[in-house]
Amino acid sequence: MNRGKAAVIKSSAPTREFMKWTEDMDAHLLHSMIEESQIGNRVDGSWTSQAYSNIVDHLHSSGYVAITKNNVKNRQKVLKDKWREVHDLFSGLSGFAWNPVSMTFHAEDEVWMDLIQSRPTTTKWRVNSIKHYHLMVELWVADRATESGVELLVKHVDSVLGLVRASSLSNGR
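The sequence shown maps to residues 1 to 173 in UniProt numbering.
1) Using alpha carbons as the reference points, say which of Ile116, Ser118, Asn128 lies closest to Val101.
2) Please list the terminal residues of the continuous beta strand (DSSP E) segment that includes Trp125.
3) Please state whether the Cβ-Cβ distance between Leu139 and Ile34 is less than 7 Å.
4) Which residue marks the beginning of the beta strand (DSSP E) containing His132, and which one marks its end?
5) Pull the bridge partners of residue 203 from the DSSP assignment, please.
6) In whole angstroms, what separates the C-alpha of Gly149 from that of Lys80?
7) Taking all protein chains shown into account, decide if Phe18 is buried (16 or more other Cβ within 10 angstroms of its Cβ) or exposed.
See below:
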């Protein structure tokens, strides 16, 4: 008879890994991913096994020794989903400009009100910053390109990267 003692249940179900990511960890991850992409370890939008190994090694050498390949995959999905939502929303709208200092999209109040009225879920982007947006643009914008949108894509990337460089220079970075 069980008298309140906890029974140990063995399960073959996989355990869920949980990792709390910081801004610094995200920055290291995104920089590593860009580096791996530039050296050819990303083929047709998919990472090679070597890329994942190198990314995890880089994060370990940066002091994040508990990070696994699954953590990297899961965090990439979270970041890419967030970026995709923001990119798809603002890339087709006029009246909005990216501010690399506040890391938010800016517009006149009436422009924001019109957007929020038509899409109430966009309220969060008026106040929430999008950390490392420029890195995400560099990493994923080509995945969203269509043949007819390549010129627009190049303009968008150049614009965002130009704003980031100008902001970095004015901040002495």
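No residue lacks a Cβ here, since even glycine has one placed at the ideal position from N, Cα and C.
Result, derived from the coordinates:
1) Taking the first residue of the sequence shown as 1, we reach residue 101 at position 101. Considering only alpha carbons, the answer is Asn128.
2) Counting from 1 along the sequence shown, the entry for residue 125 is found at position 125. It is not in any beta strand (DSSP E) - Trp125 instead sits in the alpha helix (DSSP H) that spans 124-127.
3) Residue numbering aside, residue 139 sits at position 139 when the sequence shown is read from its first letter. Residue numbering aside, residue 34 sits at position 34 when the sequence shown is read from its first letter. A contact, by the Cβ cut-off of 7 Å.
4) Translated into the one-based positions of the sequence shown, residue 132 becomes position 132. Run containing His132: none; DSSP gives neither H nor E here.
5) The structure shown has nothing for residue 203, since the chain only spans 1 to 173.
6) One-based indexing of the sequence shown puts residue 149 at position 149. One-based indexing of the sequence shown puts residue 80 at position 80. Caution is warranted here: a pLDDT of 49 is assigned to Gly149, below 50, making its placement in the model unreliable, and the coordinate value is therefore given only provisionally. Approximately 20 Å, taken between the alpha carbons.
7) Walking along the sequence shown from the start, residue 18 turns up at place 18. Label assigned to Phe18: exposed.
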